[in-house]
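K.L.:
Here the protein sequences line up with chains A and B, keeping their order.
Residues 331 to 466 (our numbering) make up the first sequence, in order.
Residues 331 to 466 (our numbering) make up the second sequence, in order.
Following this message is one structure expressed as C-alpha cells.
There are 2 protein chains.
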Amino acid sequence: MNNGRFAISVHILTLLAVSEDEWTSSEYLAGSININPVMVRKELGNLRLRGLVASKEGKSGGSRLAKPASQIFMSEIYEAVKQQDLLGKGINSPNPACPVGKKINEHLDNLYEEAEKTLLLSLGKKSLAEFAKKFN
Amino acid sequence: MNNGRFAISVHILTLLAVSEDEWTSSEYLAGSININPVMVRKELGNLRLRGLVASKEGKSGGSRLAKPASQIFMSEIYEAVKQQDLLGKGINSPNPACPVGKKINEHLDNLYEEAEKTLLLSLGKKSLAEFAKKFN
DNA sequence: TTGTACTGTAATAATTAATGTTACAGAATG
DNA sequence: CATTCTGTAACATTAATTATTACAGTACAA
C-alpha cells in the first residue's frame, strides 16, 4: 500500500471538510500539504473517481467534498488510495517444484485478505467529520 | 511497511517449520523462494535478532526455528519485518502556518497507531504451525 | 591439518517505485 | 477575451528495494 498517498488524501479531504462549502483550489491545498499542485490534482482525480470529491474547472473553480464529511469514512480513503494489497500480493515467484513454494502465494493471499478486512473494519469506524473536528 | 520482506520471512519460517528439526541452508531456502541466498541470510539475520530462528555456522550448518512453530505468531513476523509504520508516519512536511498542516501529522499518527493495533490483534491469532500445516 | 560446506556481512550495482516538474490544452467566470 | 482555474501527458529526479559479488570466519569430517 502506498502510505504517502494516504496521508495526502486525508490531508486534502480534511482541508475540504474544514471549509465544506467552498471551492478550494489545488494551489491552496498544495500550500498546506507542502507539495506540488500537480500532485494534488492527481490525487484529486483519484478521489473524484471514487466519488469523494467534486471539482469545478475554470475561473473560481476548485474542489469540494462530494458528500458530507460525516458520510466519508477512513476505510473509503484507504481503499481509494490502495492499489496493492496490504502486505503485498504475489510479489515473489517461488519455485513451483517446492511443495511450499508452489502454494505459498495462495495461502499468503488468504492471510492478507483477512488481515485487511480487520483493518477496514477499524478504519470504517472513523468518519472524516470526526477527524476534521480535531482541527477546530 | 515493507511487504516483500514479510512474504519472504513467512516463506523462510514456513520452510523451517516444515522440517522443524533440521538445519536448513540459506541456499536451499533461496531455491524455494527463488531469490538470492544473500537476501535470505539478511532476512535470517533479522529473524535471529528477533529470536525467531537460530543459525549454525560452518559445514552442515544452517538455520532452524528457535522455538516451536506453535509458539510463533504472524504478528511477531510482522513486527520483526516492519520498520516503518503501517500507513506511513510523518512523511510530508506540512505547512506549519496552516491550522490543518500544523497538526495533521500528530492526528494521523494516532490514527495509524490504532489501526495497527487492530491489525496486530488479527495477526496474533494465527500461528506459524497452523499456517505451515496447510502445506501437508 | 586441511579441504569443504556453510554463515555473516560489507560494498556496491541494478532495478523499480514514488515523487516532483514543466508544459500546455481546455473550461468557466467576470 | 483575459484571467484563473483544472486535467493530463511527458518527462526528470530521488528514494527505496532488491540483487550481486566478494571474502573472512566457523565447524565438521576425513
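The beta-carbon is built from N, C-alpha and C at its ideal position, and this holds for glycine as well.
At 8 Å on the CB atoms, spell out the chain B contacts of isoleucine 402 of chain A, in chain order.
P.N.:
Ordered by position in chain B, no residue passes the 8 Å Cβ test against isoleucine 402 of chain A, which lies about 14 Å from the chain.
K.L.:
Which residues does DSSP list as the beta-bridge partners of threonine 354 of chain B?
P.N.:
Answer is B/Ser393.
K.L.:
Can you give me, in chain order, the residues of the region 348-363 of chain A that have a beta carbon less than 8 Å from any beta carbon in chain B?
P.N.:
Going along the region 348-363 of chain A in chain order, one finds Val348, Gly361, Ser362 and Ile363 with a Cβ nearer than 8 Å to chain B.
K.L.:
Return helix, strand or coil for serine 349 of chain B, following the three-state DSSP convention.
P.N.:
Serine 349 of chain B falls in the coil class under three-state DSSP.
K.L.:
Using CA coordinates, which residue listed in A/Leu346, A/Glu409 and A/Leu379 is at the minimum distance from glycine 392 of chain A?
P.N.:
It is A/Leu346.
K.L.:
DSSP state of lysine 455 of chain A, grouped into three classes?
P.N.:
If DSSP states are grouped into helix, strand and coil, lysine 455 of chain A belongs with coil.
K.L.:
Report the neighbours of proline 367 of chain B on chain A: residues whose CB is nearer than 7 Å to its CB, in chain order.
P.N.:
Chain A residues near proline 367 of chain B: none, gap ~13 Å exceeds 7 Å.
K.L.:
What number of angstroms, rounded off, separates the C-alpha of arginine 335 of chain B from the C-alpha of glycine 388 of chain A?
P.N.:
Arginine 335 of chain B and glycine 388 of chain A: Cα-Cα distance of roughly 46 Å.
K.L.:
Within 10 Å of its beta-carbon, does leucine 368 of chain A have 16 or more other beta-carbons around it, so buried, or fewer, so exposed?
P.N.:
The amino acid occupying residue 368 of chain A in the given sequence is valine; leucine does not appear at that position. Valine 368 of chain A is exposed by the Cβ-count criterion.
K.L.:
Consider the Cβ of glutamate 444 of chain B: report whether some Cβ of chain A lies at a distance smaller than 8 Å.
P.N.:
Closer than 8 Å to some Cβ of chain A, the Cβ of glutamate 444 of chain B qualifies, so yes.
K.L.:
With distances taken Cα to Cα, identify the nearest neighbour of leucine 450 of chain B among B/Ser362, B/Phe403 and B/Lys432.
P.N.:
With distances taken between Cα atoms, leucine 450 of chain B lies closest to B/Phe403.
K.L.:
Within 8 Å of any Cβ in chain B, is that where the Cβ of alanine 459 of chain A sits?
P.N.:
Answer no: the Cβ-Cβ gap between alanine 459 of chain A and chain B never drops below 8 Å.
K.L.:
In chain order, which alpha helix (DSSP H) runs of at least 4 residues are fully inside the region 397-449 of chain A?
P.N.:
Counting only runs of 4 or more, we get 404-411.
K.L.:
Could you spell out the range, first to last residue, of the alpha helix (DSSP H) harbouring lysine 372 of chain A?
P.N.:
First-last of the alpha helix (DSSP H) with lysine 372 of chain A: 367-379.
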